[in-house]
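In the working numbering, the protein residues as written are 2 to 921.
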């Protein structure tokens, strides 16, 4: 109970606050709850008329600040607010939230799929839509007062990040920018850049999670806290009991004591057996008994997510009661009500619904959007208790859980398996803890022998990560910039990007390092001086000898590999060869020669041990000799054990040794010393410094100087490359555009350039060239849809073989497009660029069949790699085809016939699962 004096003082303070920030007080009455300190501070910045950067953890309530900007715009009566999000699902969700608060007449939505009330005072849109408006000078920008950029840290995205910087740079100075970001470690740097390009901008940072997050590890059947207490977490000190137990587990695994590890896996407990991860059904059951459901289990594989659901169903898991199952059925039925019954069977609807009704589901990009939306709604409402998801869910819509589980700390990034970064770990575990529902959130990492608890502690304790720009000039950006402000001003704008801002700042540190290196090299030179003569000259001879020896070694490796490739290409069925190295070393017989297509030769062989498979040049250290020949049946089946046994017996019957004579090989591979190396060694021995007693000490100092010189030269190159690097890239892009007629010699945008400026695609120049050169002229609607798909599609797996395409006009269009790409790639190489990805015809057949009206089952079965295409992938790529067809329909330099064909193709493609997915 406060005293009258204290109540009076609080009343005066509240009255002063209302007088200073009346709009904020009015807004707080509308939202119906008290704001956190960081939310109040950021809103006060906005009411003072300044821009604001808000950095706070996932779930902290950053969007309240964006909603206050909406409130300010509506209260003025004349001004507008644009609310931008990185993905359509977030835009749809925010649209519904704002409509519920302010009414459908005051809120609009603009995404690639939907255009609703675009002239409203408040419009929710994807960031690309706003970028396109800025370049086209849209009338909708009139009276724009506020732009909210939700998830502004997306500017680090290597594929789409440039869009955020384009918007920030090009927005009129009169617009107040509200930037909402996850907690990043270099927020001061980002804020400094915002001040340089947007004027007065204040930064508000909160690292406080509204729902505390507890970190755990599940080891066998036992759950351990990762840290003993908050102080231990700050010091990265792992719970001693966890360390002791995991060491004991490692020891038991080394001894093969499988039963003692806590899980009963398949195959019994043999010595040296591999570690088996805990069954997923038992993990969910363990979480359920601990009261940690609902949970999101992150598995970095689509197939892994689907398999996890099947494992839970096979284990008889059921996490729902009859009422919940009835509600799940109702939600799922509503989401798929427009999909034909025959398509539902193809999409695996009934199997998926079985899992959903039991409270478990997968969530990944390969799923049909309607299925994903049903999973999201059921999970948010607490009906589904366990979701197995890929990391894309962490970037998606608001879908928090009580617990987040990480099966592994390694993921495939499209090129290689890499460790999770602290930023990725923070983003994934940030889903744990539902504000207003949970008292605390929980993050659980599953232990395995290759996961060190101390590594997990490092990830969990590093709560922030740096924001790095991914900005780079593109062809579309270049023609739009030149057309809007001219070439010179365009360079100035590029120099004001966050990418150049970071590069220029880093140059200062690099230049200081160069200076320190120069001083250190001078000290090394003095330590390496020799009274016998010029030691630098002597050391240069030693370096020349080492370089020549390395070059000879590389040359020998290249020659041996070339010999292996030539030998494998010439092998025929029945040839007996010897595999000299690798786990298949020994005799083998060729049962299927190597393909004559692209890529390295890989003939199929059967070894003397009856293994059948393909071998590559990497398994041969030199020429491949044919040692004998045996008869291989014409219709040999490598999958038949009996067939393999018969062929292996013939190999054994040749009487050849399994392994070659090593002594003879060594003698044959010694070609004698190189003449140049011999001459250099004579010069070295005759040099005066060779007789110095301290020669090796001097050499160590000279070696250190040599290494430091290489590092310093690399640093100098970085300094040179980063200073004005974006402007140089822009000039290279403009050079390609001038060569191909999109910019005139005096830097003006041509009519073709204006068309390019309205093509929004990663393959923008290739699309424009196809339209200019008439590659797609004369095609039927289904053929056009198929042909344009190749400039968009990118296979998830790299294959050596090009996908087949329909014969006739489609083949001609595909070949012409590939030829144009080759010309563009050559122009780019001449200018030091690599912007346009090679077109991929892997989606041509599915798109062709869909546009012809064939059933979904046949369409999905025509994917590449002899496997059905996931329905979610089909919908995603087909939507992009629809978007590009819409751009072609409006393209200025396109022929009237192509525009009309594009219009008909849109009608043909926009059916079935695609038509229903374009609605809200």
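Where is the CB? At the ideal position from N, CA and C, for every residue including glycine.
| Asked | Found |
| --- | --- |
| According to DSSP, is residue 368 part of a helix, a strand, or is it coil? | coil |
| Using a 10 Å radius around the Cβ and a threshold of 16 neighbouring Cβ atoms, would you call residue 391 buried or exposed? | buried |
| With distances taken between CB atoms, is the gap from residue 165 to residue 153 smaller than 9 Å? | yes |
| Shortest alpha-carbon distance to residue 692 belongs to which of 221, 592 and 531? | 531 |
| Thinking residue 566 and residue 601 are a contact (beta carbons under 8 Å), I'd like their distance in whole angstroms, please. | 6 Å |
| If you draw a straight line from the C-alpha of residue 247 to the C-alpha of residue 445, how long is it? | 15 Å |
| Using alpha carbons as the reference points, say which of 832, 726 and 251 lies closest to residue 740. | 832 |
| Is the beta carbon of residue 521 closer than 9 Å to that of residue 293? | no |
| Is any heavy atom in the ligand SAM found nearer than 8 Å to the beta carbon of residue 205? | As for the ligand SAM, it is missing from this structure, which has no ligand bound. |
| Grouping DSSP H, G and I as helix and E and B as strand, with all else coil, what is residue 851? | helix |
| Determine the extent of the alpha helix (DSSP H) in which residue 682 is found, giving its start and end residues. | 676-687 |
| Look at residue 578 and residue 610 and say whether their C-beta atoms are less than 9 Å apart. | no |
| Buried or exposed, going by whether 16 or more other CB atoms sit within 10 Å of the CB of residue 503? | buried |
| In the structure shown, what three-state DSSP assignment does residue 693 receive? | coil |
| Beta-carbon within less than 8 Å of residue 987's beta-carbon, same chain only, minus the 5 sequence neighbours each way: which residues are those? | The requested residue 987 is not part of the displayed model; the chain covers only 2 to 921. |
| Would you tell me roughly how many angstroms separate the C-alpha atoms of residue 789 and residue 772, rounded to the nearest one? | 10 Å |
| Leaving out five residues before and five after residue 239 in sequence, what residues of the same chain have Cβ atoms less than 6 Å from its Cβ? | 454, 455 and 458 |
| In this structure, what does DSSP give as the bridge partners for residue 180? | 54 and 150 |
| When DSSP labels each residue in this structure, what does residue 215 get in the three-state scheme? | strand |
| Express the C-alpha separation of residue 774 and residue 793 in angstroms, rounding to a whole number. | 19 Å |
| Tell me the DSSP secondary structure of residue 202 in three-state form. | strand |
| The beta strand (DSSP E) with residue 299 in it runs from where to where? | 296-299 |
| Secondary structure at residue 801, three-state DSSP: helix, strand or coil? | In this prediction, residue 801 scores a pLDDT of 44, lower than 50, which makes its location untrustworthy; no coordinate-derived value is stated. |
| Pairing CB atoms from the stretch 44-53 with CB atoms from the stretch 86-103, are three or more of them under 8 Å? | no |
| Between the stretch 546-556 and the stretch 575-595, can you find at least three pairs of beta-carbon atoms closer than 8 Å? | no |
| Which residue comes first and which comes last in the beta strand (DSSP E) that contains residue 443? | 442-447 |
| Whether or not the stretch 470-483 and the stretch 727-737 are in contact is what I'm after, with contact meaning three or more pairs of Cβ atoms, one per stretch, closer than 8 Å; do they touch? | yes |
| Classify residue 438: buried if its beta carbon has 16 or more other beta carbons within 10 angstroms, exposed otherwise. | exposed |
| What are the partner residues of residue 221, as DSSP defines its beta bridges? | Paired residues: none, contrary to the question. |
| Could you tell me how far apart the beta carbons of residue 876 and residue 787 are, in whole angstroms, since I believe they sit closer than 8 Å? | With a Cβ gap of about 17 Å, residue 876 and residue 787 do not count as contacting. |
| For residue 809, which of 823, 780, 330 and 487 has the nearest alpha-carbon? | 780 |
| Less than 9 Å between the beta carbons of residue 913 and residue 370, yes or no? | no |
| Under DSSP, the alpha helix (DSSP H) around residue 97 begins and ends at which residues? | 89-103 |
| Between which residues of its own chain and residue 191 is the CB-CB distance below 6 Å, once the five residues before and five after are set aside? | 468 |
| Out of 323, 121, 162 and 126, which has the shortest C-alpha to C-alpha gap to residue 143? | 121 |
| Suppose you measure from the CA of residue 628 to the CA of residue 556; what does that come to, to the nearest Å? | 27 Å |
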